[in-house]
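In our numbering, the protein residues as written are 12 to 192.
Glycine included, each C-beta is placed from N, C-alpha and C at the ideal position.
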């Protein structure tokens with residue numbers, strides 16, 4: 012009978028830890044969504060891709076934010092970058108070393124090292140990272156990841172912006188698999 016208060020206290024402590032972690036993740040997600048990238052960053056992207064408009068640059072920034080959210084919501088486990096233009100913007104952001112380091116600390120509680128853009132292929136880690144990003148990007152846009160009828164922004168942006176050497180995806184690869192693609 013004397014153990015009951017300790018069990019209740021232990022359960023209460025566990026609940027408080029879980030709620031605290033959820034609140035911390037929600038604050039970090041809000042920070043990522045509202046983060047103002049450093050002045051000149053989008054100009055760097057547009058210098059690399061001269062055909063992009065200012066609006067296109069903002070769209071690329073939204074896609075990069077979606078990638079960062081997928082990393083956060085995936086428990087900060089390995090993620091793969093599915094977009095060339097978002098990867099180019101990430102590279103440009105990293106060059107703003109102080110801004111990037113502070114961003115990572117506030118957004119993730121630690122530094123996020125760059126991982127190269129990849130497509131599904133022979134790398135098990137890369138494939139798992141892409142699937143994790145797919146799942147969380149779909150969830151962010153209220154898309155059923157298992158039965159998507161459209162692509163989330165991060166997976167659609169290269170085709171939408173006509174990025175040379177960009178990655179192009181389909182929401183459903185069933186027909187492509189049937190013909191060996």
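Within a Cβ cutoff of 7 Å, which residues of the same chain sit near residue 43, ignoring the five residues on either side of it in sequence?
Hits under 7 Å: 76, 79, 80, 83 and 118.
Whose CA, out of 149, 182, 143 and 100, lies closest to the CA of residue 54?
-> Answer by Cα proximity: 100.
**OP:** Compute the Euclidean distance between the alpha carbons of residue 32 and residue 155, then round it to the nearest angstrom.
**Re:** Between residue 32 and residue 155, the C-alpha separation is close to 25 Å.
Going by DSSP in three states, residue 47 sits in which element: helix, strand or coil? DSSP, read as helix, strand or coil, puts residue 47 in coil.
Self-check item: Outcome for residue 125 when other beta-carbon atoms lying within 10 angstroms are tallied against a minimum of 16
Solution: Only exposed fits residue 125, as fewer than 16 other CB atoms lie within 10 angstroms of its CB.
Below 6 Å CB to CB, which residues in the same chain sit around residue 98 once its five sequence neighbours on both sides are set aside? Once the five neighbours on either side are set aside, the close Cβ partners of residue 98 are 92 and 128.
Residue 157 - DSSP class collapsed to helix/strand/coil: DSSP places residue 157 in coil when its eight states are reduced to three.
Exercise for the section: Pair every Cβ in the segment 154-174 with every Cβ in the segment 58-78, then say whether three or more of these pairs are closer than 8 Å. Expected result: Enough Cβ pairs lie closer than 8 Å, so yes.
Next item on the list: Whole angstroms is fine: what's the gap from residue 179's alpha carbon to residue 115's?
Entry: Roughly 28 Å between the two C-alpha positions.
*asked:* For residue 85, tell me which candidate among 113, 36 and 112 has the shortest Cα-Cα distance.
replied: Nearest C-alpha to residue 85 among 113, 36 and 112: 36.
Report buried or exposed for residue 64, applying the criterion of at least 16 other Cβ atoms within 10 angstroms of its Cβ.
Residue environment: residue 64 is assigned as exposed (fewer than 16 neighbouring CB atoms within 10 Å of its CB, all protein chains considered).
Quiz prompt | CA-to-CA distance, residue 146 to residue 139, given in whole angstroms | solution = Taking C-alpha positions only, residue 139 is separated from residue 146 by approximately 10 Å.
- Message: So, with DSSP's three-state summary, where would you put residue 81?
- Response: Here DSSP, grouped into helix, strand and coil, assigns residue 81 to helix.
How should residue 21 be labelled, buried or exposed, when 16 other C-beta atoms within 10 angstroms of its C-beta is the threshold for buried?
So residue 21 ends up on the exposed side.
In this structure, does DSSP put residue 187 in helix, strand or coil? Low confidence applies here, because residue 187 scores a pLDDT of 46, under 50, leaving its location unreliable; read the following figure in that light. Here residue 187 sits in helix by DSSP.
Q) Is residue 68 buried or exposed, if buried means 16 or more other CB atoms sit within 10 Å of its CB? A) Flag for residue 68 reads buried.
| Considering residue 108, what are the terminal residues of the alpha helix (DSSP H) in which it resides? | Counting along the chain, the unbroken alpha helix (DSSP H) around residue 108 starts and ends at 108-119.
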